[in-house]
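Trainee: Here it is: the structure, laid out below.
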Amino acid sequence: MQVRSVHSGSGLQLQAVAMETEPHPAKNLSVFRTTEADPARHSEQHAAQYYTLSPTHLRTVFPHGLPPRFQMQVKTFNEGCVMVRPPALEIISHLKKADYSKPALHYLLYGATGCGKTMSLCHVLHYCSTQGWLVLHIPDAHLWVKNCKELLPSSSRPSRFDQPVQASQWLQNFKVTNDHFLSKIKTTRRYVWTKRERTEEGRPLAELVEQGVNRVKSSSDVVGALLRELRLQAGQGDFRLAVAVDGVNAAWGKTSLKKEDKSAVLLEELTLIHNMRKMLNNDWCGGAIITALSQTGSLYTSRLSYLPQELLGQEGFDKMDPFVPVPVSNYTEKEFESCYLYYMDRNWLQHPNSKCESGSRLEKRQGQVQENSTGAGQWCPGAGRKPQRSLTPGCTRNVASVSGLKMLLLGHYLMHAFNTVMLLQLVP
Amino acid sequence: MAASTMCAVVVAALNRTHARGSAVAGLQSFVRRVAYSTVVNRSNERGNRGPRRPRREAGPSRTEKMPVDQDWTAVYPTAAPFKPSAIPLPVRMGYPVKRGVPPDKRGNLELIKIPNFLHLTPAAIKKHCEALKDFCTEWPAGLDTDDKCEQHFPVQVETKAFVSAGTSLRNPDARVVTLKVKLSSLNLDEHARKKMIKLVGERYCKETDTLTITTDSCPLEKQNYDYAMYLLTVLYHESWKVEAWEAEKTRADMEEYDWEGSTSQKNILETLLRMRVAGEAEEDGSVARKELLGRPEVQEYRDSVTRLKNEGESESSMLQYREAVKKLLSL
Chain A
1 MQVRSVHSGS
11 GLQLQAVAME
21 TEPHPAKNLS
31 VFRTTEADPA
41 RHSEQHAAQY
51 YTLSPTHLRT
61 VFPHGLPPRF
71 QMQVKTFNEG
81 CVMVRPPALE
91 IISHLKKADY
101 SKPALHYLLY
111 GATGCGKTMS
121 LCHVLHYCST
131 QGWLVLHIPD
141 AHLWVKNCKE
151 LLPSSSRPSR
161 FDQPVQASQW
171 LQNFKVTNDH
181 FLSKIKTTRR
191 YVWTKRERTE
201 EGRPLAELVE
211 QGVNRVKSSS
221 DVVGALLREL
231 RLQAGQGDFR
241 LAVAVDGVNA
251 AWGKTSLKKE
261 DKSAVLLEEL
271 TLIHNMRKML
281 NNDWCGGAII
291 TALSQTGSLY
301 TSRLSYLPQE
311 LLGQEGFDKM
321 DPFVPVPVSN
331 YTEKEFESCY
341 LYYMDRNWLQ
351 HPNSKCESGS
361 RLEKRQGQVQ
371 ENSTGAGQWC
381 PGAGRKPQRS
391 LTPGCTRNVA
401 SVSGLKMLLL
411 GHYLMHAFNT
421 VMLLQLVP
Chain B
429 MAASTMCAVV
439 VAALNRTHAR
449 GSAVAGLQSF
459 VRRVAYSTVV
469 NRSNERGNRG
479 PRRPRREAGP
489 SRTEKMPVDQ
499 DWTAVYPTAA
509 PFKPSAIPLP
519 VRMGYPVKRG
529 VPPDKRGNLE
539 LIKIPNFLHL
549 TPAAIKKHCE
559 ALKDFCTEWP
569 AGLDTDDKCE
579 QHFPVQVETK
589 AFVSAGTSLR
599 NPDARVVTLK
609 VKLSSLNLDE
619 HARKKMIKLV
629 GERYCKETDT
639 LTITTDSCPL
649 EKQNYDYAMY
659 LLTVLYHESW
669 KVEAWEAEKT
679 RADMEEYDWE
689 GSTSQKNILE
699 TLLRMRVAGE
709 AEEDGSVARK
719 ELLGRPEVQE
729 YRDSVTRLKN
739 EGESESSMLQ
749 YREAVKKLLS
759 L
């Protein structure tokens with residue numbers, strides 16, 4: 001189905017365009033998309049527009065970083081489109097202006113569940129990647145503190161515990177993202193893994209990573225060594241290091257893992273977490289630390305908490321301090337329209353009423369906008385109620401004035417398997 | 429003779445019909461007519477079978493005869509159940525069956541069941557006060573505002589006395605004594621105040637700055653009062669003492685957040701020093717430290733962190749922190 005042309009009623013964006021250009025029935029303007037695929041050139045004029053990630057980038061930059069629902073959306077739509085939004089633009093502007101001879105700065109994305117923290121983080125990482133930085137992305141730190149079937153006592157340090165499966169998986173994904181760097185950076189120290197295996201000084205990091213991937217038993221220690229090397233060498237100016245951790249509140253919370261004698265494992269005793277914490281200190285320079293909080297998946301936190309101090313705890317806040325908190329909120333009107341148009345364009349919204357034109361209005365349902373960063377969207381509780389009135393007195397005025405792509409959405413008739421129901425009810 | 433046979437017939441009829449409603453009504457009206465003529469034999473013939481008092485029709489209710497300016501305390505001098513004919517109010521109570529209206533007051537059991545305070549109208553209270561005045565003294569003229577009362581009498585003692593007529597006059601609940609005092613009216617310095625609050629724990633209310641001591645462990649009210657006064661004295665004196673182990677107070681024991689010496693201060697100093705060192709040559713440590721701490725951005729940062737920790741988190745305090753950090757790191 002072709003994108004609606006300018007004639008047939010317009011949104012805020014379409015209206016702006018209509019005033020500038022001559023309406024052309026044959027030419028299909030997708031005003032919710034931008035052709036600018038380079039994140040470095042994104043600015044406020046691209047706000048609320050979707051840009052497309054190229055398939056190579058999707059494979060290399062985000063082997064494990066995207067939220068699972070967004071991955072499903074990418075598969076369904078055959079393209080990965082990310083919306084340009086203010087939080088990501090703000091961090092990118094800071095990164096552009098920062099001085100990399102000074103210690104790394106912390107950026108913390110926080111906001112309510114489902115508002116778009118992970119997607120903003122991915123946008124920033126895409127920028128870092130296109131600028132040639134080395135991206136160290138820990139997609140979800142919560143996965144390292146729970147549901148670990150194999151917890152081996154560490155061979156190098158007696159009080160610590162290793163997580164071989166998680167570490168080796170992460171190393172594999174790291175290799176996919178940063179393959180080109182691994183041959184250039186050399187180790188500065190000799191690492192002894194077992195009696196027979198060691199990595200000499202001056203070997204490329206690729207060997208180190210191979211060691212971790214092949215010998216799963218020592219993979220956690222390999223991760224520690226890798227992080228140490230990157231920390232030391234980022235300051236020397238050859239490359240810039242972007243440390244991105246999603247769900248960073250896992251580093252200072254509690255685990256649900258138990259030792260063999262059923263006592264709880266402390267976070268300090270996990271090698272991976274210990275090394276991650278060292279990375280999050282700002283005692284190295286030549287890069288940035290971009291993190292995002294996450295309540296979903298966190299242990300022993302209230303579902304409604306989203307503010308930094310609540311989720312990080314006193315300890316986490318003190319360690320991250322001073323950080324730049326970047327709030328991420330729900331979609332604005334403009335962003336909602338963009339998202340809506342995008343779904344229409346992708347044939348995702350198929351109810352006849354969702355396409356019906358002038359004479360109807362886009363009804364906001366009591367502010368229950370669920371951010372669609374994850375693609376398939378989430379069912380809004382309360383959004384399933386039918387609207388009390390289908391046409392309001394203001395409609396006739398709208399018909400005459402062609403003032404908006406205002407459509408009537410009849411409650412839960414938005415069909416698709418995952419029940420995307422984002423309904424907005426405009427207060428007249 | 430004829431009357432007695434008629435009564436016998438009536439009795440027989442009664443036995444046969446098993447006293448059904450209509451039969452009884454009819455019987456009653458019949459008996460009424462019969463009763464007037466057989467007034468002598470009535471008690472003997474009936475025996476003990478049910479009341480046969482003459483039923484009078486109710487006259488107009490008292491409410492119709494009530495003047496508007498009547499003395500209500502005469503209608504309800506004491507606690508009494510609800511009498512619909514004596515209360516000139518069109519009150520309704522009950523469930524409106526079948527979308528109807530709540531039933532009216534005549535014969536309404538719900539109104540009788542509930543307690544009423546018709547005997548405690550303002551006029552009645554005034555009368556009580558007038559009667560009690562003979563047993564009271566004048567309120568002191570100098571204590572006309574609450575603040576003056578607070579200033580001259582900071583310690584407030586509450587006791588309850590119970591009056592009931594029964595086999596025993598004693599009531600064990602009368603022994604409870606509650607002592608309330610504001611800490612601002614006590615002579616306490618900072619250390620003593622914090623120690624006092626830690627000693628009393630739950631008994632201190634932060635919003636009203638009131639210490640409440642409730643004693644009920646002794647059997648008599650006087651004993652409990654003495655005990656409460658003793659507790660107050662002991663708390664006061666103990667909070668002024670400084671013990672040797674109080675020197676081991678850690679940051680975790682502190683009542684509110686103090687930025688001096690906190691990890692936040694340490695972090696910011698380290699960060700700023702590192703940023704400086706990266707730019708310029710190293711300077712003398714303590715001088716640089718003092719100078720850094722004196723900068724306005726650092727002051728602002730300190731205020732925002734203190735606010736975050738003391739007042740808890742909120743959107744506005746987070747935004748304030750954000751602005752302070754951005755200025756500090758010159759973003």
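Chains as they are written, first to last, in this note's numbering: chain A, 1 to 428; chain B, 429 to 759.
Even glycine gets a Cβ: it sits at the ideal position worked out from N, Cα and C.
1) Count the C-beta pairs between the stretch 312-329 of chain A and the stretch 84-94 of chain A that are closer than 8 Å, then say yes if the count reaches three, no if not.
2) Anything in chain B within Cβ reach of A:His-94, meaning under 7 Å, just list it in chain order.
3) Return the chain-ordered ranges of every alpha helix (DSSP H) run that is complete within the stretch 629-691 of chain B and spans a minimum of 4 residues.
4) What do you reckon, are the CB atoms on A:Ala-288 and A:Tyr-50 nearer than 8 Å?
5) Cα-Cα, which of A:Arg-189, A:Ala-47 and A:Val-245 is closest to A:Gly-65?
6) If you measure between the beta carbons of A:Ala-292 and A:Trp-133, is that distance less than 8 Å?
7) By the 8 Å beta-carbon criterion, what residues does the stretch 210-238 of chain A contribute toward chain B?
8) Run the CB neighbour count on B:Gly-528, radius 10 Å, all protein chains shown included, and call it buried at 16 or more, exposed below.
9) Taking 8 Å as the threshold (C-beta atoms), are B:Met-746 and A:Pro-308 in contact?
10) Along the chain, where does the alpha helix (DSSP H) containing B:Ala-502 start, and where does it finish?
11) Tell me, please, whether the CB atom of B:Arg-702 is closer than 8 Å to any CB atom in chain A?
12) Would you verify that the beta carbon of A:Lys-278 is, or is not, closer than 8 Å to some beta carbon of chain B?
13) Over the uninterrupted beta strand (DSSP E) stretch that includes A:Gln-166, give me the two end residues.
14) Can you name the start and end residues of the beta strand (DSSP E) that A:Gly-80 belongs to?
15) Assuming A:Ser-168 contacts A:Val-135 under a Cβ cut-off of 8 Å, what Cβ separation, rounded to an integer in Å, is found between them?
16) Residues of chain B with CB under 9 Å from A:Leu-293, in chain order?
17) Report the option in B:Val-604, B:Pro-518 and B:Thr-636 whose CA atom is closest to the CA atom of B:Ser-645.
18) So is B:Glu-751 buried or exposed if we call it buried at 16+ other beta carbons inside 10 Å?
19) Specify the secondary structure class of A:Thr-296 as computed by DSSP and reduced to three states.
20) Determine, using beta carbons only, whether B:Met-657 comes closer than 8 Å to chain A.
21) Are A:Ala-234 and A:Gly-286 touching if we call contact CB-CB under 8 Å?
22) How big is the Cα-Cα spacing for A:Val-123 and A:Asn-147?
23) Between A:Gly-212 and A:Leu-171, which are expected to be in contact by the criterion C-beta below 8 Å, what is the C-beta distance as a whole number of angstroms?
24) Could you please tell me which residues of the stretch 87-112 of chain A, in chain order, have their CB closer than 7 Å to any CB of chain B?
25) Less than 8 Å between the C-beta atoms of A:Gly-316 and A:Trp-252, yes or no?
26) Any C-beta of chain B sitting closer than 8 Å to the C-beta of A:Leu-307?
27) My guess is that A:Gln-163 and A:Ser-218 are in contact by the Cβ rule of under 8 Å, so how many angstroms apart are they, rounded?
28) Counting only the same chain and skipping the five closest in sequence on each side, list residues whose C-beta sits under 8 Å from that of A:Val-84.
29) Taking Cβ positions, are B:Thr-699 and A:Pro-103 nearer each other than 8 Å?
30) Would you call the CB atoms of A:Asn-330 and A:Cys-115 closer than 8 Å?
31) Taking the C-alpha atoms as reference points, what is the distance between A:Arg-69 and B:Glu-630?
32) Short check: CB of B:Glu-663 to CB of B:Leu-627, under 8 Å?
33) Report the CB separation of A:Arg-160 from A:Thr-56 in whole angstroms; it is logged as a contact under 8 Å.
34) Expressed to the nearest angstrom, what Euclidean distance is found between the alpha-carbon atoms of B:Ala-551 and A:Ala-112?
35) Please name the residue, chosen from B:Glu-741, B:Glu-739, B:Pro-724 and B:Leu-736, that lies closest to B:Thr-756 on a Cα-to-Cα basis.
36) Could you name the residues of the stretch 741-754 of chain B whose beta carbon sits closer than 7 Å to any beta carbon of chain A, in the order they occur along the chain?
Mentor: Well, looking at it:
1) Taking 8 Å as the limit for Cβ pairs, the verdict is that the stretch 84-94 of chain A does touch the stretch 312-329 of chain A.
2) Taking the first residue of the first sequence as position 1, residue 94 of chain A is located at position 94. Simply Leu-759.
3) Taken in chain order, the whole alpha helix (DSSP H) runs of length 4 or more contained in the stretch 629-691 of chain B are 649-668.
4) The sequence position of residue 288 of chain A within the first sequence is 288, counting from 1. The sequence position of residue 50 of chain A within the first sequence is 50, counting from 1. With contacts defined by Cβ atoms closer than 8 Å, A:Ala-288 and A:Tyr-50 do not form a contacting pair.
5) Stepping through the first sequence from its first residue, residue 65 of chain A is reached at position 65. Among A:Arg-189, A:Ala-47 and A:Val-245, the Cα nearest to that of A:Gly-65 is on A:Val-245.
6) Within the first sequence, numbered from 1, the residue matching residue 292 of chain A stands at position 292. Within the first sequence, numbered from 1, the residue matching residue 133 of chain A stands at position 133. No, Cβ-Cβ distance for A:Ala-292 and A:Trp-133 is not below 8 Å.
7) Result list empty, no residue passes.
8) Residue 528 of chain B sits at position 100 when you count from the first residue of the second sequence. Classification of B:Gly-528: exposed, given that the 10 Å Cβ count is below 16.
9) Translated into positions along the first sequence, residue 308 of chain A becomes position 308. Translated into positions along the second sequence, residue 746 of chain B becomes position 318. For A:Pro-308 and B:Met-746, yes; Cβs fall inside 8 Å.
10) Within the second sequence, residue 502 of chain B is the residue found at index 74, counting from 1. Per DSSP, B:Ala-502 is one residue of the alpha helix (DSSP H) stretching across 500-503.
11) Counting from one through the second sequence, the residue named residue 702 of chain B turns up at place 274. Answer yes: the Cβ-Cβ gap between B:Arg-702 and chain A drops below 8 Å somewhere.
12) The residue labelled residue 278 of chain A in the question sits at position 278 within the first sequence. It does not: the Cβ of A:Lys-278 has no partner Cβ on chain B nearer than 8 Å.
13) Residue 166 of chain A sits at position 166 when you count from the first residue of the first sequence. It is not in any beta strand (DSSP E) - A:Gln-166 instead sits in the alpha helix (DSSP H) that spans 164-177.
14) Here residue 80 of chain A corresponds to residue number 80 of the first sequence, with the count starting at 1. Where A:Gly-80 is concerned, the enclosing beta strand (DSSP E) stretches over 80-83.
15) If you number the first sequence from 1, residue 168 of chain A lands on position 168. If you number the first sequence from 1, residue 135 of chain A lands on position 135. With a Cβ gap of about 19 Å, A:Ser-168 and A:Val-135 do not count as contacting.
16) Within the first sequence, numbered from 1, the residue matching residue 293 of chain A stands at position 293. Simply none; closest approach about 12 Å.
17) The count along the second sequence starts at 1 and reaches residue 645 of chain B at position 217. With distances taken between CA atoms, B:Ser-645 lies nearest to B:Val-604 out of B:Val-604, B:Pro-518 and B:Thr-636.
18) As a first step, residue 751 of chain B must be located in the second sequence, where it is residue number 323. Exposed, by the Cβ-count rule.
19) Looking up residue 296 of chain A in the first sequence gives position 296. In the structure shown, the three-state DSSP call for A:Thr-296 is coil.
20) Locating residue 657 of chain B in the second sequence gives position 229, where the first residue counts as 1. No, no contact with chain A.
21) Reading the first sequence from its first residue, position 234 is the one you call residue 234 of chain A. Reading the first sequence from its first residue, position 286 is the one you call residue 286 of chain A. Less than 8 Å divides the Cβ of A:Ala-234 from the Cβ of A:Gly-286.
22) Counted from its first residue, the first sequence places residue 123 of chain A at position 123. Counted from its first residue, the first sequence places residue 147 of chain A at position 147. The question names Val, yet the displayed sequence has His at residue 123 of chain A. When rounded, the separation of the alpha-carbon atoms in A:His-123 and A:Asn-147 is 29 Å.
23) By one-based count along the first sequence, residue 212 of chain A stands at place 212. By one-based count along the first sequence, residue 171 of chain A stands at place 171. Contact between A:Gly-212 and A:Leu-171 holds, with the beta-carbon distance rounding to 4 Å and staying under 8 Å.
24) Listed by position, the residues of the stretch 87-112 of chain A near chain B (Cβ gap below 7 Å) are His-94, Ser-101, Lys-102, Pro-103 and Leu-105.
25) Taking the first residue of the first sequence as position 1, residue 316 of chain A is located at position 316. Taking the first residue of the first sequence as position 1, residue 252 of chain A is located at position 252. Yes; because the gap between Cβ atoms is below 8 Å, this pair is in contact.
26) The residue given as residue 307 of chain A occupies position 307 in the first sequence. Yes, because at least one Cβ of chain B sits closer than 8 Å to the Cβ of A:Leu-307.
27) Locating residue 163 of chain A in the first sequence gives position 163, counting from the first residue. Locating residue 218 of chain A in the first sequence gives position 218, counting from the first residue. Rounded, the Cβ-Cβ distance is 12 Å, inconsistent with contact.
28) Counted from its first residue, the first sequence places residue 84 of chain A at position 84. The beta carbon of A:Val-84 is closer than 8 Å to those of Thr-34, His-42, His-46, Ala-47, Ala-48, Gln-49, Tyr-50, Tyr-51 and His-123 in its chain, skipping five residues each way along the sequence.
29) Locating residue 699 of chain B in the second sequence gives position 271, counting from the first residue. Locating residue 103 of chain A in the first sequence gives position 103, counting from the first residue. Between B:Thr-699 and A:Pro-103, the gap from beta carbon to beta carbon is short of 8 Å.
30) Numbered from 1 along the first sequence, position 330 holds the residue referred to as residue 330 of chain A. Numbered from 1 along the first sequence, position 115 holds the residue referred to as residue 115 of chain A. The Cβ atoms of A:Asn-330 and A:Cys-115 sit closer than 8 Å to each other.
31) Here residue 69 of chain A is taken as the residue at index 69 of the first sequence, counted from 1. Here residue 630 of chain B is taken as the residue at index 202 of the second sequence, counted from 1. Distance from the CA of A:Arg-69 to the CA of B:Glu-630, rounded to the nearest whole angstrom, comes to 49 Å.
32) Locating residue 663 of chain B in the second sequence gives position 235, where the first residue counts as 1. Locating residue 627 of chain B in the second sequence gives position 199, where the first residue counts as 1. Contrary to the premise, residue 663 of chain B reads as Leu rather than Glu in this sequence. With respect to B:Leu-627, B:Leu-663 sits close: the two C-beta atoms are nearer than 8 Å.
33) As a working note, residue 160 of chain A is residue 160 in the first sequence. As a working note, residue 56 of chain A is residue 56 in the first sequence. Not really, about 38 Å apart at Cβ, beyond 8 Å.
34) Position 123 of the second sequence, counted from the first residue, corresponds to residue 551 of chain B. Position 112 of the first sequence, counted from the first residue, corresponds to residue 112 of chain A. In this model, B:Ala-551 and A:Ala-112 are separated by some 59 Å (Cα to Cα).
35) Here residue 756 of chain B refers to the residue found at position 328 of the second sequence. The identity of residue 756 of chain B in the sequence shown is Leu, whereas the question assumes Thr. In this structure, B:Pro-724 is the residue among B:Glu-741, B:Glu-739, B:Pro-724 and B:Leu-736 with its C-alpha nearest to the C-alpha of B:Leu-756.
36) Contact annotation: in the stretch 741-754 of chain B, residues whose CB is within less than 7 Å of a CB in chain A are Glu-741, Met-746, Tyr-749, Arg-750, Val-753 and Lys-754.
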